[in-house]
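Numbering (the working numbering), first residue to last: 694 to 1414. Idealized CB from N, CA, C, for every residue including glycine.
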């Protein structure tokens, strides 16, 4: 990446052509003896950095000081079962098949939580197991029923069915532990919520005795942290008592689950929170993070020396003025918006053997974890994995060449047989908790209604995956199916319109948006997207489009009131309409209210580029990249401005970064083809030009044909293209 100092970091490419499936050819000497992968759902650097500075997370600080830290990009939709399965497979949800928190039972009798038998293909623990690497997995999402790998699995249903009475029998759910001989030991290690230690509760919530354990909030905290305590105890026991273990994978969901209940009480006070509630609950989230730091200390002690650590979260969690206000929403609407708590950047920490301390992994994404873990054991990633090896942060000089797919490698991986998919599992407590957290609306009373709801939501999640991967043709088909069923559902219509607009189908996109607005005049997202689509016609002096654009703009401006996302969206629509001065004003308002979001900085950089102020465009693009290195558009604008400034080498680097983050970015492809032509690199120029041509009819619409776009650059440089 190009920085203000002019230095570069590069995202190295570990991929190669598919390799024959001969075991001795895709395994090299392992640089690590033991690997511990720890998942903290929704952990966020904003809180972590504050607590580290205060000396309250010493274990994590020591790991960071001895290794590597980075932002970790998430995927869309930001839903935990999809993301944690992507983490352990290296594949997007459309490939691995886990598309929701719950799924229909095979016999159609109701719902069950997402299962390991619904996952398409091997998880990391399956690959390691068939490679002879003894692995213990505890609490991972969608790991029930536990798979019979070399080592052991304790599934995410280990806490299911806890009785309210502290002395009542509490049998384990069938299939929650493998091998079965560990069932009795695992059952004994579980922590009951009913007798959650008072001392630990006071550390989490000092006012617990005053409030009382029968309070709904205190009871919820006990239940969620009892589960986390069970995970810690079972994982430490497995690592401590198996001298032959080589990989441990431990997942904690408490930062996320407790966060959905208690992050609203973190200062500054939200409008719906009383002063009393703030006094009582404001310290809970900090205490939960501290608890996780202590759990990490215990895990590392159980693991012993010479253990490599990968600690990560699937996404972040808003803790400041950007927290959503969902308290007054209907349950159905709250379930739709609950993931708006999630920030797009999670955390990544790596330390220990095989890790290059002090390095900076370039644009890591959750898909990179499985390939990197395989490389640490000297194993190849599959060509069908969407992530890459973070080789720039590893000490090994050679990364095993990729094989076609681990699905084609024979051996005992511990996968359940196909007939196991017909089994059904009861998980009433887990489903109730999902509803309580807001991830699901209250289920219809009738079974068919439940099945229809879950099938629609799973299909919606598939469409979001397709759209986020820029497969707009597929996404449009998926969302059209949903719109046919629910023609006025805002989520379905907005996503369909985005996919249609990205394929040049502007009439279709504007038509479905107008229908939605006629039904729901207060849907600002629909008005904003319609304005962005109308802007292109408005710039072409279409009087009707200009009038409609102005009407939408007036309504949106009245409602924006400094809301950063709306202000940035207004700025973008105004840039598309060629109204640059107005656009700048809205971008500045968005930046004032949220300087950590890159959209406003990118918008200002775009305007500067359009106006030919290349130095300012460079500065504004760098502002965006200081906020987030993952912003492909910022890399693209930076590359374009550098090209116009004559710095072609750095322009090429920036444009390649844009493409590594967003491979189907047509604007970046056009720019890099022109830059490579000027650099006399005709082979690369032709490759990028051909890729752009392939995408032009089925990918993102280029919305910024301006005086200083890549075509103008080509004319200025007299390039034939």
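Are the beta-carbon atoms of residue i and residue j separated by less than 7 angstroms?
{"i": "residue 971", "j": "residue 958", "result": "yes"}
{"i": "residue 916", "j": "residue 1106", "result": "no"}
{"i": "residue 658", "j": "residue 1079", "result": "Only positions 694 to 1414 of the chain appear in this structure, which leaves residue 658 out of reach."}
{"i": "residue 1010", "j": "residue 941", "result": "no"}
{"i": "residue 989", "j": "residue 752", "result": "yes"}
{"i": "residue 836", "j": "residue 848", "result": "yes"}
{"i": "residue 901", "j": "residue 911", "result": "yes"}
{"i": "residue 1401", "j": "residue 1385", "result": "no"}
{"i": "residue 1179", "j": "residue 1185", "result": "yes"}
{"i": "residue 1349", "j": "residue 1368", "result": "no"}
{"i": "residue 1226", "j": "residue 1202", "result": "yes"}
{"i": "residue 774", "j": "residue 736", "result": "no"}
{"i": "residue 1148", "j": "residue 1088", "result": "no"}
{"i": "residue 1071", "j": "residue 823", "result": "no"}
{"i": "residue 923", "j": "residue 884", "result": "yes"}
{"i": "residue 1338", "j": "residue 1291", "result": "no"}
{"i": "residue 929", "j": "residue 999", "result": "no"}
{"i": "residue 1378", "j": "residue 1366", "result": "yes"}
{"i": "residue 825", "j": "residue 1063", "result": "no"}
What residues in its chain sit with their C-beta under 6 angstroms from that of residue i, if we drop five residues either side in the sequence?
{"i": "residue 739", "result": "1012"}
{"i": "residue 1283", "result": "1257, 1260, 1261, 1293"}
{"i": "residue 1325", "result": "1351, 1354, 1355, 1358"}
{"i": "residue 1483", "result": "For residue 1483 there is no data in the structure shown, the boundaries of the chain being 694 and 1414."}
{"i": "residue 841", "result": "871, 1107"}
{"i": "residue 1372", "result": "1341"}
Leaving out the 5 sequence neighbours to the left and right, which residues in its chain are closer than 7 angstroms to residue i when beta-carbon positions are compared?
{"i": "residue 1189", "result": "1169, 1172, 1173, 1176, 1205"}
{"i": "residue 1296", "result": "1261, 1264, 1265, 1268, 1276, 1280"}
{"i": "residue 779", "result": "768, 785, 786, 789, 1059, 1060"}
{"i": "residue 1065", "result": "1082, 1083"}
{"i": "residue 1310", "result": "1298, 1301, 1302, 1330, 1334"}
{"i": "residue 1224", "result": "1242, 1245, 1246, 1249, 1266"}
{"i": "residue 792", "result": "775, 786, 1151, 1154, 1155"}
{"i": "residue 1086", "result": "761, 1043, 1048, 1049, 1052, 1054"}
Locate the beta strand (DSSP E) running through residue i, then write down its first and last residues.
{"i": "residue 731", "result": "727 to 733"}
{"i": "residue 1044", "result": "1038 to 1044"}
{"i": "residue 940", "result": "940 to 945"}
{"i": "residue 830", "result": "828 to 831"}
{"i": "residue 764", "result": "761 to 766"}
{"i": "residue 1048", "result": "Residue 1048 -> no beta strand (DSSP E), and no H or E assigned at all."}
{"i": "residue 1001", "result": "1000 to 1005"}
{"i": "residue 1170", "result": "Note, residue 1170: premise wrong, no beta strand (DSSP E); alpha helix (DSSP H) at 1165 to 1178."}
{"i": "residue 796", "result": "795 to 797"}
{"i": "residue 805", "result": "804 to 806"}
{"i": "residue 845", "result": "844 to 847"}
Assuming residue i and residue j make a contact with CB atoms under 8 angstroms, what is their CB distance in whole Å?
{"i": "residue 810", "j": "residue 1109", "result": "5 angstroms"}
{"i": "residue 760", "j": "residue 1042", "result": "6 angstroms"}
{"i": "residue 886", "j": "residue 855", "result": "6 angstroms"}
{"i": "residue 851", "j": "residue 832", "result": "7 angstroms"}
{"i": "residue 744", "j": "residue 983", "result": "7 angstroms"}
{"i": "residue 985", "j": "residue 948", "result": "7 angstroms"}
{"i": "residue 963", "j": "residue 1016", "result": "6 angstroms"}
Which residues bound the alpha helix (DSSP H) around residue i?
{"i": "residue 1334", "result": "1325 to 1337"}
{"i": "residue 958", "result": "Premise fails: residue 958 is in no alpha helix (DSSP H) and is neither H nor E."}
{"i": "residue 910", "result": "909 to 934"}
{"i": "residue 741", "result": "738 to 746"}
{"i": "residue 677", "result": "With the chain represented from 694 up to 1414, any question about residue 677 goes unanswered, as that position is not in the structure."}
{"i": "residue 1356", "result": "Where residue 1356 is concerned, there is no enclosing alpha helix (DSSP H), given that its DSSP letter is neither H nor E."}
{"i": "residue 1303", "result": "1291 to 1303"}
{"i": "residue 1147", "result": "1140 to 1161"}
Following a CB-centred definition, is residue i positioned closer than 6 angstroms to any heavy atom of the ligand MG?
{"i": "residue 1279", "result": "This structure does not include the ligand MG; it has no bound ligands of any sort."}
Taking 8 angstroms as the limit between beta carbons, can you name the residues of its chain near residue i, skipping five residues before and five after?
{"i": "residue 717", "result": "Only weak support exists for where residue 717 lies, its pLDDT of 42 falling under 50; the coordinates are left without a value."}
{"i": "residue 1236", "result": "none"}
{"i": "residue 772", "result": "793, 794, 1032, 1132, 1154"}
{"i": "residue 741", "result": "750, 753, 982, 1040"}
* the region 1088 to 1105 touching the region 1064 to 1080, judged by at least three CB pairs closer than 8 angstroms -> Contact annotation: the region 1088 to 1105 touches the region 1064 to 1080, with at least three C-beta pairs closer than 8 angstroms.
* Are the region 789 to 802 and the region 1036 to 1048 in contact at 8 angstroms, needing three or more beta carbon pairs? -> The region 789 to 802 is not in contact with the region 1036 to 1048.
* To do: Check whether the region 932 to 948 touches the region 890 to 897, counting contact only when three or more Cβ pairs, one atom from each stretch, lie closer than 8 angstroms.
  => Remark: fewer than three beta-carbon pairs, one from each stretch, lie closer than 8 angstroms, so the region 932 to 948 and the region 890 to 897 are not flagged as touching.
* the region 901 to 921 / the region 864 to 874 touching (three or more Cβ pairs under 8 angstroms) -> No, they do not touch.
* Please determine if the region 1054 to 1061 and the region 761 to 769 are in contact, where contact requires at least 3 C-beta pairs separated by less than 8 angstroms. => A contact exists between the region 1054 to 1061 and the region 761 to 769.
* Taking contact to mean at least 3 C-beta pairs separated by less than 8 angstroms, is the region 732 to 749 in contact with the region 1000 to 1010? -> Touching, yes.
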